[in-house]
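Asks:
Protein chains in written order, with my numbering: chain A, 33 to 145; chain B, 880 to 992.
Here it is, written out as structure tokens:
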């Protein structure tokens with residue numbers, strides 16, 4: 033069985049301060065892990081993915097995430113928040129091939145000017 | 880290069896009716912997956928089509944059915960609509976069932992009255 037838990041439903045940060053969005057996963061297999069972002073009225077956009085290569089993964093727009101097997105975590109970070117980062121963020125677990133994605137319930141990020 | 884396109888963008892139906900949603904995958908992709916995203920929730924996997932066959936299915940009733948055409952486009956059909964079917968329906972495409980690069984459309988917002 034596979035699932036993800038996003039530990040915060042809402043996160044607020046000030047512009048220019050660090051962002052931390054937390055995700056814990058459960059998987060019967062070696063997981064593939066993803067972070068997607070969803071802006072209002074837009075489709076889901078892939079931020080970054082972990083597929084058993086380097087444990088520190090760099091994505092687009094300055095985001096990165098670290099896979100920690102011992103903690104079953106895949107937290108998303110960014111050193112300095114920008115107003116355009118305000119959106120809904122989803123942590124996702126999957127097998128690499130032929131299987132569905134399991135989404136978390138999402139974290140809404142608010143960036144305060 | 881067009882991404883994943885879905886139609887219509889919005890749809891209003893009444894209980895008991897039937898609905899068909901359409902999806903054209905990203906150029907070069909041959910696999911289509913459908914997801915249901917209820918308000919305030921993460922997307923949930925409905926099913927995946929590859930080579931015109933349903934390959935994987937999530938926990939959705941038989942009222943949800945689909946089809947994939949030789950040009951890789953796909954339809955999602957929902958019969959006997961319920962109020963609870965109101966949601967954003969997302970289509971995602973990939974190549975050869977490899978989930979590493981999954982691209983999402985902007986979705987069809989279905990409202991059931």
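From the three backbone atoms N, C-alpha and C, an ideal C-beta is built for every residue, glycine too.
Ordered along the chain, which non-local residues of its own chain (more than five positions away) have a Cβ less than 8 Å from that of residue 990 of chain B?
Replies: 889, 890, 891, 892, 965
Asks: Which term fits residue 872 of chain B, buried or exposed, when burial requires 16 or more other beta carbons within 10 angstroms of its beta carbon?
Replies: Summary: the structure shown does not reach residue 872 of chain B, with chain B confined to residues 880 through 992, and so no result is reported for it.
Asks: Helix, strand or coil for residue 992 of chain B? Go by DSSP, reduced to three states.
Replies: coil
Asks: Just checking, does the stretch 894 to 904 of chain B make contact with the stretch 132 to 141 of chain A on the three C-beta pairs under 8 Å criterion?
Replies: A contact is defined here as three or more CB-CB pairs under 8 Å, and the stretch 894 to 904 of chain B fails this definition with respect to the stretch 132 to 141 of chain A.
Asks: Look at the Cβ atom of residue 37 of chain A, then the Cβ atom of residue 56 of chain A, and state whether they are nearer than 7 Å.
Replies: yes
Asks: Would residue 922 of chain B pass as an interface residue toward chain A - the criterion being a Cβ-Cβ separation below 7 Å?
Replies: Closer than 7 Å: yes.
Asks: Taking just the CA atoms, how far does residue 982 of chain B sit from residue 883 of chain B?
Replies: 7 Å
Asks: Helix, strand or coil: how does DSSP classify residue 984 of chain B here?
Replies: coil
Asks: Buried or exposed for residue 100 of chain A, going by 16 or more other Cβ atoms inside 10 Å?
Replies: exposed
Asks: Under the rule that 16 or more other beta-carbon atoms within 10 Å means buried, what is residue 117 of chain A, buried or exposed?
Replies: With 16 or more other Cβ atoms from the protein chains shown falling within 10 Å of its own Cβ, residue 117 of chain A counts as buried.
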